[in-house]
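Chemist:
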């Protein structure tokens with residue numbers, strides 16, 4: 001069986017100008033990055049009327065067995081084109097952290113990929129570097145302000161802004177900066193997040209245009225004064241410089257799939273520690289250029305889809321017309337109690353039915369928003385027909401169609417049934433999107449509803465620090481902002497060991513991070529980290545490049 005990278009390298013992409021022309025874009029509308037990548041100019045993005053149908057792809061809680069959400073997203077886009085629909089795809093940009101860590105590449109897989117795969121998974125068009133540079137420039141400017149006399153009376157003990165790097169590097173979670181004497185700055189405790197957790201990333205993905213980007217950056221709260229008053233980027237007067245570093249990164253990136261379906265890949269916040277959706281600019285651009293747009297939200301529906309629906313949709317101004325939930329027989333077995341080592345050792349209907357409880361919860365959650373749902377059962381060769389039939393039967397009892405897909409192995413041909421089912425679900429639906437969260441509810445009311453309605457928790461507990469922070473936020477007028485939950489992706493709870501559909505558990509809020517520029521408050525639950533670590537055997541150990549520049553080891 002060929003590896004993903006081998007399949008991608010054997011493919012011959014079309015010139016990106018040909019992809020752009022298919023969308024009605026001229027050479028003047030894009031900025032070409034080589035033969036197969038381009039950025040779409042912001043003036044062209046803002047001109048379009050976003051009338052397309054939006055399809056959100058999400059999944060059950062992810063497992064080490066792999067669910068293939070991005071692969072299904074790409075395959076569905078190709079399949080829609082194969083049934084003569086004017087379709088395109090809108091995805092997030094991969095981070096070097098998981099690419100070189102445990103996950104590997106994030107551009108789809110098999111015969112359902114976006115290309116150029118190597119570029120997308122590595123430096124692409126430099127967006128991640130621009131975000132990192134803007135974030136770290138702000139850190140440097142904060143420390144310089146303190147070193148040069150601290151006119152704003154910034155309390156260096158209460159600086160919340162962290163530096164970032166787009167890698168998994170646990171050694172940088174907590175650091176001391178400014179050591180070495182008076183000429184090296186003022187010593188203080190600092191830390192690093194991964195770039196995709198940066199507020200700059202969230203702002204880039206939620207901004208509507210360049211002016212909005214600058215206004216949001218100006219509102220960033222970097223810490224507090226000795227009098228406990230918030231200090232913003234506007235107070236430092238550097239929003240213009242930071243926006244300058246991001247002006248090109250704000251333009252969405254145009255690429256293609258192996259089957260030449262247009263794809264926009266732009267922005268990449270993680271869903272377990274950020275809001276998990278690609279940029280609003282990219283989604284609006286796609287909706288203005290195509291009749292059907294397939295997008296995804298990170299990790300399971302309890303994270304990515306919830307944030308898409310409760311944080312992105314109000315700012316996008318459009319809800320999905322249908323939602324696809326990706327599952328596999330393997331992942332259902334794992335949620336049903338089968339160990340990872342035994343997932344391929346024969347049929348186990350009891351485990352499939354037990355693990356279905358996880359899928360059922362995600363289906364119920366999406367249905368609670370009054371959105372049509374289709375389940376994509378991503379096939380593996382060791383799935384038995386009886387297991388597949390069981391899942392279909394259980395889905396039917398919930399009023400949901402389960403469609404077997406094989407896009408990894410067969411490209412668009414393996415997704416035709418799914419494409420037809422999604423189009424039919426959109427055409428038949430007369431439901432009206434019903435938000436979960438009331439806009440004027442308090443921080444604790446929002447968290448309580450997400451924890452109980454989406455996760456199935458019995459309640460929520462708060463640390464003393466978190467309760468004190470809520471008082472500060474309310475005093476500063478931030479008490480009604482949306483809440484972005486930072487939680488393990490592996491469980492509906494905040495304990496990654498509780499698989500399936502746990503009950504009688506509490507969500508534990510240990511602290512908050514105000515992201516006022518982005519427009520939400522991040523709630524840190526359990527032991528979730530905003531700077532991941534590398535596994536014992538990182539994917540980077542298998543990566544190489546030969547003397548001719550040919551990449552190997554990405555997957």
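Numbering (the working numbering), first residue to last: 1 to 555.
We put the beta carbon where it would ideally sit given N, CA and C, even for glycine.
Here's a check: name, in chain order, each residue in its chain whose Cβ is nearer than 6 Å to the Cβ of residue 20, leaving out the five neighbours to either side.
Modeler: Excluding sequence neighbours, residue 20 sits near 30.
Chemist: Using a Cβ-Cβ cut-off of 7 Å (strictly less than) and excluding sequence neighbours within five positions of residue 544, which residues of its own chain qualify?
Modeler: Only 552, 553 meet the Cβ criterion.
Chemist: Please classify residue 301: is it buried, with 16 or more other beta-carbons within 10 angstroms of its beta-carbon, or exposed?
Modeler: Label assigned to residue 301: buried.
Chemist: Residue 221 and residue 230 - do their beta-carbons sit closer together than 8 Å?
Modeler: Taking 8 Å as the Cβ cut-off, residue 230 and residue 221 qualify as a contacting pair.
Chemist: If you run the structure through DSSP and keep just helix, strand and coil, what is residue 208?
Modeler: Here residue 208 sits in coil by DSSP.
Chemist: Specify the secondary structure class of residue 400 as computed by DSSP and reduced to three states.
Modeler: If DSSP states are grouped into helix, strand and coil, residue 400 belongs with coil.
Chemist: Threshold first: 4 residues or longer. Then list the alpha helix (DSSP H) segments lying entirely within the region 331 to 405, N to C.
Modeler: You should have 349 to 368, 385 to 397.
Chemist: Measuring alpha carbon to alpha carbon, tell me which residue in 457, 335, 294, 288 is nearest residue 69.
Modeler: Ranking the options by Cα distance to residue 69, first place goes to 294.
Chemist: So, for residue 249: in the same chain, excluding its five sequence neighbours on each side, which residues have a beta-carbon less than 6 Å away from its beta-carbon?
Modeler: The residues are 127, 130.
Chemist: Do you know offhand how far residue 550's Cα is from residue 78's?
Modeler: When rounded, the distance between both Cα atoms is 27 Å.
Chemist: Using the DSSP secondary-structure output, state which residues sit across from residue 239 in a beta bridge.
Modeler: Answer by DSSP bridge pairing: none, since residue 239 is not bridged.
Chemist: In chain order, what residues of the same chain have a beta carbon less than 6 Å from the beta carbon of residue 465, not counting five sequence neighbours either side?
Modeler: Answer for residue 465: 511, listed in chain order.
Chemist: Report buried or exposed for residue 494, applying the criterion of at least 16 other Cβ atoms within 10 angstroms of its Cβ.
Modeler: It is buried - the Cβ of residue 494 has at least 16 other Cβ atoms within 10 Å.
Chemist: From 461, 355, 245, pick the residue whose C-alpha is nearest to that of residue 217; which is it?
Modeler: Taking only the C-alpha atoms, the option nearest residue 217 is 245.
Chemist: Use the C-beta contact count for residue 37: other C-beta atoms within 10 angstroms, 16 or more gives buried, fewer gives exposed.
Modeler: By the neighbour-count rule (16 or more Cβ atoms within 10 Å), residue 37 is buried.
Chemist: Which class does residue 153 belong to by DSSP, given the choice of helix, strand or coil?
Modeler: Residue 153: coil per DSSP, three-state reduction.
Chemist: Give the range of the beta strand (DSSP E) segment to which residue 524 is assigned.
Modeler: Its beta strand (DSSP E) spans residues 520 to 525.
Chemist: Select from 453, 378, 479 the residue whose C-alpha is nearest the C-alpha of residue 404.
Modeler: Looking at the Cα atoms, 378 is the closest of the given residues.
Chemist: Would residue 325 and residue 60 be called neighbours here (beta carbons separated by less than 8 Å)?
Modeler: Taking 8 Å as the Cβ cut-off, residue 325 and residue 60 qualify as a contacting pair.
Chemist: Does residue 221 come out as helix, strand or coil in the three-state DSSP assignment?
Modeler: Correct three-state label for residue 221: strand.
Chemist: Does the region 355 to 374 touch the region 425 to 445, meaning 3 or more C-beta pairs lie closer than 8 Å?
Modeler: Verdict: yes, contact present.
Chemist: Where DSSP assigns a beta bridge to residue 193, which residues make up the other side?
Modeler: 164, per the DSSP bridge assignment.
Chemist: What does the alpha-carbon distance come out to for the pair residue 92 and residue 361?
Modeler: Between residue 92 and residue 361, the C-alpha separation is close to 25 Å.
Chemist: Tell me which residue opens and which closes the alpha helix (DSSP H) that residue 280 is part of.
Modeler: Per DSSP, residue 280 belongs to the alpha helix (DSSP H) from 280 to 289.
Chemist: So, are the CB atoms of residue 525 and residue 508 less than 8 Å apart?
Modeler: Result yes, Cβ atoms of residue 525 and residue 508 sit closer than 8 Å.
Chemist: Could you name each continuous alpha helix (DSSP H) segment of 4 residues or more that falls completely within the region 44 to 84, going from the start of the chain to the end?
Modeler: Counting only runs of 4 or more, we get 69 to 82.
Chemist: State the Cα-Cα distance for the pair residue 243 and residue 110, rounded to the nearest angstrom.
Modeler: Spanning the two alpha carbons is a distance of roughly 38 Å.
Chemist: Return the residue from the list 484, 501, 156 that minimises the CA-CA distance to residue 490.
Modeler: If we check each option's Cα against that of residue 490, 501 comes out closest.
Chemist: Below 8 Å on the Cβ atoms is my contact criterion, and I expect residue 522 with residue 475 to pass it. Report the Cβ-Cβ distance as a whole number of Å.
Modeler: Between residue 475 and residue 522 the Cβ distance is about 19 Å, and since that is not below 8 Å, they are no contact.
Chemist: Using 8 Å for Cβ pairs, my map puts residue 107 next to residue 121. What's the rounded Cβ distance?
Modeler: Right, their Cβ atoms sit about 6 Å apart.
Chemist: In angstroms with no decimal places, state the Cα-to-Cα distance between residue 263 and residue 53.
Modeler: Residue 263 and residue 53: Cα-Cα distance of roughly 15 Å.
Chemist: Taking the CB atoms as reference points, tell me whether residue 173 and residue 135 lie closer together than 8 Å.
Modeler: Taking 8 Å as the Cβ cut-off, residue 173 and residue 135 do not qualify as a contacting pair.
Chemist: With 16 as the cutoff for other CB atoms within 10 Å, does residue 64 come out buried or exposed?
Modeler: The residue is exposed, with fewer than 16 neighbouring Cβ atoms inside 10 Å.
Chemist: Quick check: the Cα distance between residue 157 and residue 139, rounded to an integer number of angstroms?
Modeler: Going from the Cα of residue 157 to the Cα of residue 139 covers about 14 Å.
Chemist: In whole angstroms, give me the CA-to-CA distance for residue 425 and residue 322.
Modeler: When rounded, the distance between both Cα atoms is 7 Å.
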